[in-house]
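Notes to accompany the following structure.
Number of protein chains: 2
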Amino acid sequence: MVHTTALAEIGALIGDAGRANMLAALLDGRALTAKELADHAGVTPQTASGHLAKLTAGHLVVVEKQGRHRFHRLASAEVARMIETMMQMAAHGDAARNAKPIRVGPRDQALRAARTCYDHLAGRLGVALADAMAQRDLIRLDADGGLVTPEGRQFLSTFGLDVDAAPRGKRVLCRPCLDWSERRPHLAGVVGAQIMQRCFNLGWIRRLEGTRAVAVTPSGQEGFRRVFDVRPG
Amino acid sequence: MVHTTALAEIGALIGDAGRANMLAALLDGRALTAKELADHAGVTPQTASGHLAKLTAGHLVVVEKQGRHRFHRLASAEVARMIETMMQMAAHGDAARNAKPIRVGPRDQALRAARTCYDHLAGRLGVALADAMAQRDLIRLDADGGLVTPEGRQFLSTFGLDVDAAPRGKRVLCRPCLDWSERRPHLAGVVGAQIMQRCFNLGWIRRLEGTRAVAVTPSGQEGFRRVFDVRPG
DNA sequence: GCAATGCTTCGGCCGGTTCCGAAGCATCCC
DNA sequence: GGGATGCTTCGGAACCGGCCGAAGCATTGC
Numbered sequence: 001m002v003h004t005t006a007l008a009e010i011g012a013l014i015g016d017a018g019r020a021n022m023l024a025a026l027l028d029g030r031a032l033t034a035k036e037l038a039d040h041a042g043v044t045p046q047t048a049s050g051h052l053a054k055l056t057a058g059h060l061v062v063v064e065k066q067g068r069h070r071f072h073r074l075a076s077a078e079v080a081r082m083i084e085t086m087m088q089m090a091a092h093g094d095a096a097r098n099a100k101p102i103r104v105g106p107r108d109q110a111l112r113a114a115r116t117c118y119d120h121l122a123g124r125l126g127v128a129l130a131d132a133m134a135q136r137d138l139i140r141l142d143a144d145g146g147l148v149t150p151e152g153r154q155f156l157s158t159f160g161l162d163v164d165a166a167p168r169g170k171r172v173l174c175r176p177c178l179d180w181s182e183r184r185p186h187l188a189g190v191v192g193a194q195i196m197q198r199c200f201n202l203g204w205i206r207r208l209e210g211t212r213a214v215a216v217t218p219s220g221q222e223g224f225r226r227v228f229d230v231r232p233g
Numbered sequence: 001m002v003h004t005t006a007l008a009e010i011g012a013l014i015g016d017a018g019r020a021n022m023l024a025a026l027l028d029g030r031a032l033t034a035k036e037l038a039d040h041a042g043v044t045p046q047t048a049s050g051h052l053a054k055l056t057a058g059h060l061v062v063v064e065k066q067g068r069h070r071f072h073r074l075a076s077a078e079v080a081r082m083i084e085t086m087m088q089m090a091a092h093g094d095a096a097r098n099a100k101p102i103r104v105g106p107r108d109q110a111l112r113a114a115r116t117c118y119d120h121l122a123g124r125l126g127v128a129l130a131d132a133m134a135q136r137d138l139i140r141l142d143a144d145g146g147l148v149t150p151e152g153r154q155f156l157s158t159f160g161l162d163v164d165a166a167p168r169g170k171r172v173l174c175r176p177c178l179d180w181s182e183r184r185p186h187l188a189g190v191v192g193a194q195i196m197q198r199c200f201n202l203g204w205i206r207r208l209e210g211t212r213a214v215a216v217t218p219s220g221q222e223g224f225r226r227v228f229d230v231r232p233g
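As they're listed, the protein sequences go chains A and B.
Residue numbers for the first sequence follow my numbering, so the first one is 1 and each next one is one higher.
Residue numbers for the second sequence follow my numbering, so the first one is 1 and each next one is one higher.
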């Protein structure tokens with residue numbers, strides 16, 4: 001039974017607090033340096049170096065040298081999805097474990113409002129967008145499958161996106177991604193990625209330094225309301 | 001940051017060879033006793049007891065007492081999916097790690113041919129069924145989303161299944177589940193579960209003692225060919 | 001060349017986890 | 001009741017894995 005030991009290896013890789021923090025930090029798709037990841041994990045660079053070597057050997061992370069820096073990123077979207085899946089499990093487990101509401105800090109508040117999830121939008125904003133689009137039958141999302149309706153293609157086209165023209169590779173066009181803070185699905189897949197990119201380009205949202213949280217700009221407030229009938233915040 | 005530590009906890013839970021073996025053994029949805037799981041993990045009962053206590057505390061496993069036995073099963077289909085996802089990662093990692101083909105034993109051969117995956121069929125048989133149904137446009141599967149076409153409902157109806165009448169709860173009707181041996185999707189969700197159940201009822205397949213592998217009976221050979229145009233084996 | 005920066009490797013310490021033998025409950029069977 | 005059987009708890013031994021200080025390599029900048 002060669003496979004089961006492999007399962008334990010993957011688990012052990014993620015089952016360390018330091019490495020888990022690093023992976024979570026990489027979840028938005030950016031590439032970070034070893035030092036940055038060391039800070040995220042709360043360990044010294046030499047410890048982080050060891051962790052990153054293991055993550056790389058386990059093919060969860062890939063490195064890219066650039067001068068004297070080494071940028072680390074998740075090896076694939078599949079890895080990101082696996083980690084998101086595990087975080088959902090963790091959230092469910094928490095919910096069952098302690099019935100009392102989870103204490104949240106101000107930093108969590110921003111994350112809960114709107115954040116990136118690898119390459120698409122999550123948090124209340126992401127869920128609201130998915131809800132609004134489903135409401136108008138632009139997309140249909142089931143617990144873990146999704147599609148874009150003809151009306152949806154039309155809509156996205158006027159929004160400036162051509163879902164069929166985009167390079168897809170092996171990626172799925174449209175799929176739900178369960179939100180660990182909202183516990184409801186938001187929009188992922190090629191469409192989810194395109195929408196987020198477009199929102200950045202339009203200046204509707206911008207990244208908050210040092211976190212995966214994003215802020216909605218004034219023009220975003222107006223745009224989300226006008227185009228998606230969504231009132232962020 | 002309460003969530004990231006939770007991620008590490010889940011990982012650590014799976015990151016022990018003994019516990020990983022237990023979880024893999026439970027992957028077909030059956031409930032097993034502590035002793036059986038101890039054998040699977042290759043440890044003594046008292047060690048297994050400790051592991052199972054942790055898995056239960058982590059809400060990956062639930063127990064059910066029945067006389068002097070305690071039956072353990074995966075806590076939910078979500079847990080099963082998470083573990084399958086991780087095994088896929090492990091398989092991909094393996095593939096990249098050593099280019100040489102993986103050595104397989106005779107036991108693996110049976111598993112690769114046809115096996116249960118929690119509550120649906122996997123292995124070459126599962127993939128072949130999914131392929132055949134997609135070919136005739138009875139279902140449509142994308143990398144991680146799926147649906148049953150009207151023709152599919154008709155087809156399943158003549159096969160003795162009413163997908164809409166079945167109790168669904170929050171489960172998705174139809175979704176792909178990437179096969180770790182074939183590296184191609186097979187059919188999961190309510191439809192996948194119904195089809196497997198029907199095949200058992202028709203006597204087309206039967207469980208092989210002590211494994212998740214299933215054997216195709218002679219009538220199954222005939223049935224799969226006639227109904228699905230699939231030639232197992 | 002020299003110093004500074006980013007990262008890795010080495011070595012030893014330390015804490016947590018796993019493991020099993022022995023003993024203790026609980027349940028079933030006769 | 002008495003004796004299996006199934007499982008858990010307790011205790012201590014062994015082991016692994018993370019962690020950091022010190023030192024070493026690579027790259028950049030002056």
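We put the CB at the ideal spot given by N, CA and C, even for glycine.
No experiment lies behind these values; they were computed from the predicted model shown.
Handout entry: Per-residue DSSP class, three states only, for C117(A)
Key = Judged by DSSP in its simplified three-state form, C117(A) adopts strand.
Practice task
Buried or exposed for A165(A), please, with buried defined as at least 16 other CB atoms from any protein chain shown within 10 angstroms of its CB.
Solution key: Classification for A165(A): exposed.
Handout entry: Contact set between the segment 3-18 of chain B and chain A, restricted to residues whose Cβ is under 9 Å from the partner
Key = Listed in sequence order: H3, T4, T5, A6, L7, A8, E9, I10, G11, A12, L13, I14, G15, D16, A17, G18.
Handout entry: Proximal residues to L23(A) (C-beta, below 6 Å), its chain only, five neighbours per side dropped
Key = Result list for L23(A): I83, in chain order.
Problem - Local Cβ density within 10 Å of R68(B), reported as buried at 16 or more and exposed below that - result: R68(B) comes out exposed.
Practice task
Could you tell me whether the Cβ atoms of V63(A) and M89(B) are closer together than 8 Å?
Solution key: Not a contact, by the Cβ cut-off of 8 Å.
Problem - Cβ shell of R115(A) (< 7 Å), same chain only, five flanking positions each side left out - result: The residues are A122, G123, R212, A213, V214.
Exercise for the section: Can you grab the Cα-Cα spacing for the pair A25(B) / P176(B), in whole Å? Expected result: In this structure, the straight-line span from the alpha carbon of A25(B) to that of P176(B) is close to 22 Å.
Exercise for the section: Go ahead and pull the three-state DSSP assignment for I102(B). Expected result: With a pLDDT of only 32 at I102(B), under 50, the local geometry of the prediction cannot be trusted, and no value is derived from it.
Handout entry: Reduced DSSP secondary structure (H/G/I, E/B, other) of R231(A)
Key = Secondary structure at R231(A): coil, using DSSP grouped into helix, strand and coil.
Exercise for the section: Return the bridge partner residues of G123(A) from the DSSP annotation. Expected result: Under DSSP, no beta-bridge partner is assigned to G123(A).
Practice task
Check the Cβ-Cβ distances between L147(B) and every residue of chain A, and say whether any is below 8 Å.
Solution key: Chain A places a beta carbon closer than 8 Å to that of L147(B), counting this residue as a contact.
Exercise for the section: Assign F200(B) to one of three DSSP states: helix, strand, or coil. Expected result: When DSSP states are grouped into helix, strand and coil, F200(B) belongs to the helix group.
Handout entry: Contact set between V79(A) and chain B, taken where Cβ atoms lie within less than 8 Å
Key = Within chain B, the residues near V79(A) are M89.
Problem - Neighbourhood of M196(B) by C-beta, 6 Å cutoff - its chain only, sequence neighbours within 5 removed - result: Annotation for M196(B): H120, L121 place their beta carbon closer than 6 Å to its own, counting only its chain and skipping 5 residues before and after.
Exercise for the section: At 9 Å on the CB atoms, spell out the chain B contacts of T85(A), in chain order. Expected result: Contacts between T85(A) and chain B, judged by CB atoms closer than 9 Å, involve E78, R81, M82, T85, M86 in chain order.
Exercise for the section: May I ask you to report which of helix, strand or coil DSSP gives V163(B)? Expected result: It is coil, neither helix nor strand.
Problem - Simplified DSSP assignment, three categories, for T33(A) - result: T33(A) falls in the strand class under three-state DSSP.
Practice task
Can you grab the Cα-Cα spacing for the pair V132(B) / Y118(A), in whole Å?
Solution key: The sequence shown places Ala at residue 132(B), rather than the Val named in the question. Taking the straight line joining both Cα atoms gives about 34 Å.
Practice task
Could you pull the start and end residues of the alpha helix (DSSP H) that H51(B) belongs to?
Solution key: Per DSSP, H51(B) belongs to the alpha helix (DSSP H) from 45-57.
Handout entry: Close Cβ partners of R70(A) (< 6 Å) along its chain, the five nearest in sequence each way excluded
Key = Excluding sequence neighbours, R70(A) sits near A34, V63.
Problem - Buried versus exposed, by CB contacts within 10 Å (16 or more), P232(A) - result: Answer is buried; the Cβ neighbour count reaches 16.
Problem - F71(B), enclosing alpha helix (DSSP H) - first and last residue - result: Counted as a single uninterrupted DSSP element, the stretch harbouring F71(B) is not any alpha helix (DSSP H) but the beta strand (DSSP E) occupying residues 69-74.
Exercise for the section: Report buried or exposed for A130(A), applying the criterion of at least 16 other Cβ atoms within 10 angstroms of its Cβ. Expected result: Burial call: buried.
Exercise for the section: Report yes if the C-beta distance between A48(B) and L37(B) is below 8 Å; otherwise report no. Expected result: Yes, the pair counts as a contact, with Cβ atoms nearer than the cut-off.
Handout entry: Members of the segment 22-43 of chain B near chain A, C-beta cut-off 7 Å
Key = Flagged, chain order: A24.
Practice task
Report yes or no: is there a C-beta of chain B within less than 8 Å of the C-beta of A134(A)?
Solution key: No Cβ of chain B is located within less than 8 Å of the beta carbon of A134(A).
Handout entry: Minimum Cβ-Cβ distance from A213(A) to chain B less than 8 Å
Key = No - not a single Cβ of chain B is within 8 Å of the one on A213(A).
Exercise for the section: Have a look at N98(B) and M86(B) and give me their C-alpha separation to the nearest angstrom. Expected result: Residue confidence for N98(B) is low, a pLDDT of 37 falling below 50, so the modelled location carries little weight; the figure read from the coordinates is stated next. Taken atom to atom, the span from the alpha-carbon of N98(B) to that of M86(B) is near 18 Å.
Practice task
Verify the CB distance criterion: does A128(B) have a CB-CB separation below 8 Å to chain A?
Solution key: No, its Cβ sits nowhere closer than 8 Å to a Cβ of chain A.
Problem - Cut-off 8 Å between Cβ atoms - residues of its own chain near W204(B), not counting five sequence neighbours on either side - result: Taking W204(B) as the centre and dropping the five residues before and after it, the same chain places the C-beta of V216, T217, S219, G220, G223, F224 closer than 8 Å to its C-beta, in chain order.
Exercise for the section: Report, in whole angstroms, the separation of the C-beta atoms of H186(B) and G146(B), which I expect to be a contact under 8 Å. Expected result: H186(B) to G146(B), Cβ: 11 Å. No contact.
Exercise for the section: For P101(B), decide whether its Cβ has a neighbour in chain A, counting only Cβ atoms nearer than 8 Å. Expected result: In this prediction, P101(B) has a pLDDT of 32, which is less than 50 and means its spatial position is unreliable; what the coordinates show is noted afterwards. Taking a beta-carbon distance threshold of 8 Å, P101(B) does not count as an interface residue toward chain A.
Exercise for the section: Spell out the partners DSSP gives C177(A) in its beta bridges. Expected result: H186(A), per the DSSP bridge assignment.
Exercise for the section: May I ask you to list the residues that DSSP assigns as paired with L156(B)? Expected result: Answer is none; L156(B) lacks a bridge partner.
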